[in-house]
Amino acid sequence: MIKKHFTKILCLALSLIMVMSMGTSVFASETDDNGSIPAVEDTAIFTSDTFFYNAETGETVAENGEPFAFDDIEFEFEESESQDGISTADVSIEIYLLRGGLKRTSNGTFTWWFNTDCPTSPINKPNIKVTAQLQGNFTTGSTFSNVGSPVYHTYNTNAEYGIDYTWTSTAKTGYYRIKFTLTDYDAGGKVQSANTNSQLWNRTGHAWTFSFSDSASGKYLPKPPANYTKGATSTRPSNLADTYYTTYTNNTGVTLNRSLYDVHHIQPLAYGGNNSYSNLIHLPKATHTSVTSWWAGY
3 MIKKHFTKIL CLALSLIMVM SMGTSVFASE TDDNGSIPAV EDTAIFTSDT FFYNAETGET
63 VAENGEPFAF DDIEFEFEES ESQDGISTAD VSIEIYLLRG GLKRTSNGTF TWWFNTDCPT
123 SPINKPNIKV TAQLQGNFTT GSTFSNVGSP VYHTYNTNAE YGIDYTWTST AKTGYYRIKF
183 TLTDYDAGGK VQSANTNSQL WNRTGHAWTF SFSDSASGKY LPKPPANYTK GATSTRPSNL
243 ADTYYTTYTN NTGVTLNRSL YDVHHIQPLA YGGNNSYSNL IHLPKATHTS VTSWWAGY
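Numbering (our numbering), first residue to last: 3 to 300.
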């Protein structure tokens, strides 16, 4: 009788050790996956309460409450069909749509997000792993390097699709993009990678979305570099607008309706710009207000 009870206790102890070992193994794999760290599930609704004060007009400007997303990334994988566990000659195509961008800015921190969908499998979605690597350029947006560690999420159930998974980085003006890597376990572990388009953000998390060009003069508003240093070397003369419009008319033969425009420094005076004609452009008043507000968060 005693021997029988002892045998039961021993079996129970061995079972507990096996469970604990399995738990430890799973946790280690989640936190040590080729240098990647797990992304954090985030179901919070995006809100924007960042406001800018325009010192020139006295206006307070706010953006709408939508998170910015890069262009979607689409992956296609060929997967062999199976019947009763036996592979057949039939091949199906799985399509994955990956989205991501900047979700919020708070206390000097950017929170980035991504989510994944597989519209070709609405009922039983595949088992996959998505890795996201933030990349940045802090000059002119030409070449990119990794910013922080990559993050990942392994999709094991349908409910995990369509959920935002997030990670953070230091809030800093720069050009950013995301490199996505998708591993399709149902396709034999095939892997595909692709980069999103890039976007310029200021340190308060607002994207540069402005565009203006003038066909008569050939002037246009360019995306600025991300490495201007603060420090004025010139001051704005009181007759700047008069000088600009006179020069513009002399060069083009066109007389602008000055009530529709503001004269804007392409490189702001606060960041080393000057008052030369080549550094000036007339912008529609609403555009100028938005651009000036963006520079307030540079």
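Even glycine gets a Cβ: it sits at the ideal position worked out from N, Cα and C.
When beta bridges are read from the DSSP output, residue 269 appears opposite no residue. Residue pairing by DSSP places residue 96 opposite 79 in a beta bridge. For residue 208, there is no enclosing beta strand (DSSP E), since its DSSP letter is neither H nor E. According to the DSSP assignment, residue 287 belongs to the alpha helix (DSSP H) that extends over 287-298.
Residue 187 has its alpha-carbon roughly 44 Å from the corresponding atom of residue 296. The C-alpha of residue 288 is placed about 20 Å away from the C-alpha of residue 207.
In this structure, residue 274 lies near residue 231, with their beta-carbon atoms less than 8 Å apart. For residue 172, the uninterrupted beta strand (DSSP E) run begins and ends at 166-172, by DSSP. The segment 227-242 makes no contact with the segment 150-169: fewer than 3 CB pairs, one atom from each, lie closer than 8 Å. Within the same chain, 227 come within 6 Å of residue 142 by CB-CB distance, once the 5 residues on both sides are set aside. The three-state reading of DSSP puts residue 215 in strand, counting E and B together. Taking the Cβ atoms as the reference, residue 97 lies roughly 6 Å from residue 76, within the contact range of under 8 Å.
DSSP places residue 261 in the helix class (H, G or I) of the three-state scheme. The shortest C-alpha to C-alpha distance from residue 161 to any of 180, 171, 129 and 144 is the one to 129. Taking C-beta separations shorter than 8 Å and ignoring five residues to either side along the sequence, the partners of residue 246 in its chain run 265, 279, 282 and 284, following chain order. Contact between residue 151 and residue 178 does not hold, since the beta-carbon distance rounds to 15 Å and is not under 8 Å. Shortest Cα-Cα distance from residue 134 to any of 216, 166 and 277 involves 166. Listed in chain order, the non-local C-beta contacts of residue 170 below 6 Å within the same chain comprise 111 and 113, local neighbours out to five positions each way being set aside.
When beta bridges are read from the DSSP output, residue 163 appears opposite no residue.
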